[in-house]
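A quick write-up on the structure given underneath.
Residue numbers (my numbering): 45 to 181.
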């Protein structure tokens, strides 16, 4: 795993917490925030946005990544932090499978994923067998 300076990790977590405070969680009441760090040392924040149906939910992690890509379509994302204030169990703090697969598209499998209150994991540990288009035989 690519190691982050602890101060950088903490700054990413704080940015994610600020994002969670802006979440639109009208369906679930669960506020999620995420922040990504790019190779240019820029930080982009995302938060969950819920519509009127569960299929209309935009996850914080994907929103943060898209924000980075909107700023620079060639952005290299080095790390991601995610927070779910008020989650009762570690499993409720973890990114969903769709987000993990989306991260894999834009991040190295060695990139650190910082889960507030749980720990820091390389993406490969969270997504050990990613779907890779064109690899099935």
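Idealized CB from N, CA, C, for every residue including glycine.
1) In its own chain, which residues sit with a C-beta less than 7 Å from the C-beta of residue 58, not counting the 5 before and 5 after it?
2) Using C-beta distances below 6 Å, list every residue in its chain close to residue 28, excluding the 5 sequence neighbours before and after it, in chain order.
3) Closest to residue 113 by CA distance: which of 83, 141, 94 is it?
4) Using 8 Å as the Cβ pair cut-off and three pairs as the minimum, do the segment 64-74 and the segment 114-124 touch?
5) Using alpha carbons as the reference points, say which of 154, 62, 163, 129 lies closest to residue 50.
6) Leaving out the 5 sequence neighbours to the left and right, which residues in its chain are closer than 6 Å to residue 146 when beta-carbon positions are compared?
7) In three-state DSSP terms, what is residue 126?
8) What are the residues that DSSP puts in a beta bridge with residue 79?
9) At what residues does the beta strand (DSSP E) containing residue 166 begin and finish?
10) Per the DSSP calculation, residue 74 is bridged to which residue(s)?
11) So, is residue 143 buried or exposed, given that buried needs 16 or more other C-beta atoms within 10 angstroms?
12) Using beta-carbon positions only, say whether residue 76 and residue 128 come within less than 7 Å of one another.
13) What does residue 158 pair with, by DSSP beta-bridge criteria?
Result, derived from the coordinates:
1) none
2) This structure leaves residue 28 out entirely; the chain is present only between 45 and 181.
3) 83
4) no
5) When each option's Cα is compared against that of residue 50, the closest is 163.
6) 106
7) Strand, per DSSP.
8) 89, 125
9) 163-166
10) Note: residue 74 sits in no beta bridge, so no partner.
11) Classification of residue 143: buried, given that the 10 Å Cβ count is 16 or more.
12) yes
13) Answer is 125, 164, bridged to residue 158.
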